[in-house]
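A.B. asks: In this note's numbering, the protein residues as written are 23 to 761.
We put the CB at the ideal spot given by N, CA and C, even for glycine.
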């Protein structure tokens, strides 16, 4: 039995050919509508032999969802399962195109694709080599008198961001390293010279590995289409209809690829919501491509304005945000950040009616709180709510993976086991943290680092409910007092740590614990002569007993082995830094996360999920908590706002990644002054784009809630942040009774 359709959905499903653009509000059923449209076209026998409808979507999880939905409808229509369609991400589609004809892309048949982690390793290596010969770069850009230790911890990541953004933008614009370097003598900018030099070295490193990165894959797939008209014609025949999901996140190259593939048939449907474009800061995506497409004269423009996801007061809150931004936002440059249509509730007889409003189902807590106090309030509220809502879903949405890990850890101290959808899971962070601290001690053996290793080692040996924090602290203090440290790590009959420690140890059991740890440390230090993967496995086999922890350790070993081959000069220090970034939720190891798999909140009723607002896109929960709604995480171009991309140690608050990328755009546009424009203008434009994106991120967070929504804020690490301007306006709207 086929589902009942809304009027707006019926209008979209009248499509039979040509270009169509669909603006779909959150919860309007765009996945269902696109899936049904694909099944409907297949039923109409529009396909000839060896033809498919091509559906292009954003993430891998959506590929599975579309395949399942389309298959369900084709079977209901009496059609064969998995017949007449292909679902791909843009990277998956590009891989299909290049793999079929790699010679057109100038690649060997056995080329491989680098993942994000390996690409970052190469960038770090090239950046460190460049820095050694260019100390003048740091002298030019870093403020005098700042703490050099704090700068040294962050600067490599800033330089990776500069180089990574520069390279992605250059590839999107079709600019090769040679094209840029041919003109670089005209510039005296160390920033541009650094970015261009790293781009050249990075591409050479990829070539030496017979590899491409994800940006190359998209660029080269377009080259294949441009190089061989016969190959393009075959693909145009194979895919006579193209349906594009999440079109608000399309990039220049994605649009060029899909335009070429659809140019012969003219059959191209783009569905998206410009108000949910939240990846512009991190990628080359831009909602302008969808907005411009909707306004093209040969495009049929449709809307999916009805949503049954949220209670009416939550919808009213989201709509007020759109209207306030468009009419009354004090920064006129941001008044086009959100666009219509407004969200319309469903009809009462709709198959998916809106949840009923309830008293106080929208709460915006305007009370001042520091970061810890905000988390405590939310976690206590979650604990009380879960006790009475065993059959409902809940999520805590944060603005960073690191803060999400802090929230998840706090919940555990309260006896609540959260579901995590972060960059890496808690078990992965815990494993990576322990191994990182081991490596840190091996290359710098101090009492402090040894105590850190012991602290985590002991936690792996004891069940959490049996852990005695007082005993842990006492054991750590004993290790800190070992002097010299060698008498513990390499005891001799003359110098034995036991005689030193027996004066303060309170029991023989303490000596047994420390003796066991000493034996293992001695064994591990001998194993530091082994390759990094064997060292990791040696430590892991002595410490981990749970299958999941052992499996994670094996993945760590495999990834670090590959990193060591790509970076033969790496030592224990570099491997420790890599694991430390994973432990802090700052980066991930490929294969450690479930983020690319389908996630169904309905499987976790009676539990609370912790994730970022970005990862929450496309999902929904009965109750949603939205944290950190301050003017740092959601700035609005106000004089007291600060921006995460403008580093505190860089002079004049210059956004270096934005300045480097803006140069490329000016250069591609043929601007004769591209090499001579002083820094500053791109930083201001980056602020506008970032603030616009954060308004859309707030909109996405609000529209994840079905029945209840709570928004809180904190005053930041320095205690100088205030409630975000749009959130203050929404709080006034709620206090006025949604009027």
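Taking all protein chains shown into account, do 16 or more other C-beta atoms lie within 10 angstroms of the C-beta of residue 252, making it buried, or fewer, making it exposed?
C.D. replies: exposed
A.B. asks: Return helix, strand or coil for residue 228, following the three-state DSSP convention.
C.D. replies: helix
A.B. asks: Express the C-alpha separation of residue 532 and residue 143 in angstroms, rounding to a whole number.
C.D. replies: Separation of residue 143 and residue 532 (C-alpha to C-alpha, rounded to the nearest whole angstrom) is 42 Å.
A.B. asks: Along the chain, where does the beta strand (DSSP E) containing residue 727 start, and where does it finish?
C.D. replies: Counting along the chain, the beta strand (DSSP E) containing residue 727 begins and ends at 727–733.
A.B. asks: Roughly how many angstroms separate the alpha carbons of residue 114 and residue 265, rounded to a whole number?
C.D. replies: 15 Å
A.B. asks: With a threshold of 8 Å on Cβ separation, who are the neighbours of residue 439 within its own chain once the five nearest residues in sequence on each side are excluded?
C.D. replies: These residues qualify, in order along the chain: 433, 629.
A.B. asks: Considering only the beta carbon of each residue, do residue 716 and residue 393 sit closer than 8 Å?
C.D. replies: No. Outside cutoff.
A.B. asks: Less than 7 Å between C-beta atoms, sequence neighbours within five positions excluded: which residues of the same chain meet that for residue 659?
C.D. replies: 353, 355, 356, 709, 710, 713
A.B. asks: Would you identify the three-state DSSP class for residue 436, choosing helix, strand or coil?
C.D. replies: coil
A.B. asks: What do you get for residue 775, buried or exposed, if any count of 16 or more other CB atoms within 10 angstroms of its CB means buried?
C.D. replies: In the structure as shown, the chain starts at 23 and stops at 761, and residue 775 therefore has no counterpart that could be examined.
A.B. asks: Assign residue 199 to one of three DSSP states: helix, strand, or coil.
C.D. replies: Shown here, residue 199 sits in a helix according to DSSP, grouped into three states.
A.B. asks: Counting only the same chain and skipping the five closest in sequence on each side, list residues whose C-beta sits under 6 Å from that of residue 421.
C.D. replies: When the five nearest sequence neighbours on each side are left out, the beta carbons in the same chain lying within less than 6 Å of the beta carbon of residue 421 are those of 650, 655, in order along the chain.
A.B. asks: Could you check whether residue 408 and residue 634 sit closer than 8 Å to each other, using their CB atoms as the reference points?
C.D. replies: no
A.B. asks: For residue 619, count the other beta carbons within 10 Å of its own beta carbon; 16 or more makes it buried, fewer makes it exposed. Which is it?
C.D. replies: With a pLDDT of 44 at residue 619, under the threshold of 50, the predicted position of this residue should be treated as unreliable, and no value is reported.
A.B. asks: Between 64, 510, 92, which lies nearest to residue 262 when the distance is taken from Cα to Cα?
C.D. replies: 64
A.B. asks: How many angstroms separate the CA atom of residue 554 from the CA atom of residue 478?
C.D. replies: 20 Å
A.B. asks: Please determine, among 584, 383, 598, 176, the residue with the shortest C-alpha to C-alpha distance to residue 231.
C.D. replies: Nearest of 584, 383, 598, 176 to residue 231, Cα basis: 584.
A.B. asks: Do residue 536 and residue 507 come within 8 Å of each other at the CB atom, strictly closer than that value?
C.D. replies: no
A.B. asks: Considering only residues of the same chain and omitting the five flanking positions on each side of residue 397, which have a CB-CB separation below 7 Å?
C.D. replies: 428, 429, 432
A.B. asks: Whose C-alpha, out of 185, 202, 750, 337, is nearest the C-alpha of residue 722?
C.D. replies: 337
A.B. asks: For a minimum of 3 consecutive residues, which ranges assigned as the beta strand (DSSP E) are wholly contained in the region 373–417?
C.D. replies: Secondary structure within the region 373–417: the beta strand (DSSP E) runs of 3 or more consecutive residues, fully enclosed, are 384–386 (chain order).
A.B. asks: Specify the secondary structure class of residue 325 as computed by DSSP and reduced to three states.
C.D. replies: strand
A.B. asks: Apart from the five residues just before and just after residue 540, which ones in its own chain have a Cβ nearer than 8 Å to its Cβ?
C.D. replies: 510, 511, 513, 519
A.B. asks: Are the region 180–195 and the region 237–254 touching by the rule of at least three beta carbon pairs closer than 8 Å?
C.D. replies: yes
A.B. asks: Can you tell me whether residue 643 is buried or exposed, with buried defined as 16 or more other CB within 10 angstroms of its CB?
C.D. replies: buried
A.B. asks: What does the alpha-carbon distance come out to for the pair residue 217 and residue 206?
C.D. replies: Cα-Cα distance, rounded: 11 Å.
A.B. asks: Can you tell me which residues form a DSSP beta bridge with residue 771?
C.D. replies: With the chain represented from 23 up to 761, any question about residue 771 goes unanswered, as that position is not in the structure.
A.B. asks: What residues in its chain sit with their C-beta under 7 Å from that of residue 260, if we drop five residues either side in the sequence?
C.D. replies: 72, 73, 74
A.B. asks: Return yes when the Cβ of residue 673 is within less than 8 Å of the Cβ of residue 184, no when it is not.
C.D. replies: No. Outside cutoff.
A.B. asks: Please work out which residues of its chain come closer than 7 Å, Cβ to Cβ, to residue 62, disregarding the five sequence neighbours upstream and downstream, and give them in chain order.
C.D. replies: 35
A.B. asks: Just grab the DSSP bridge partners of residue 367 for me.
C.D. replies: In the DSSP output, where bridge partners are listed per residue, residue 367 has 329.
A.B. asks: With C-beta atoms as the reference, is residue 646 less than 8 Å away from residue 295?
C.D. replies: no
A.B. asks: Let me confirm a value: residue 732 is counted as buried when at least 16 other C-beta atoms fall within 10 Å, else exposed. Which label applies?
C.D. replies: buried
A.B. asks: Could you check what DSSP says for residue 300 in three-state terms: helix, strand or coil?
C.D. replies: coil
A.B. asks: Does DSSP put residue 123 in a helix, in a strand, or in coil?
C.D. replies: When secondary structure is reduced to three states using DSSP, residue 123 falls in the coil class, being assigned neither helix nor strand.
A.B. asks: Does the region 37–57 touch the region 284–303, meaning 3 or more C-beta pairs lie closer than 8 Å?
C.D. replies: The region 284–303 makes contact with the region 37–57, as at least three CB pairs between them are under 8 Å.
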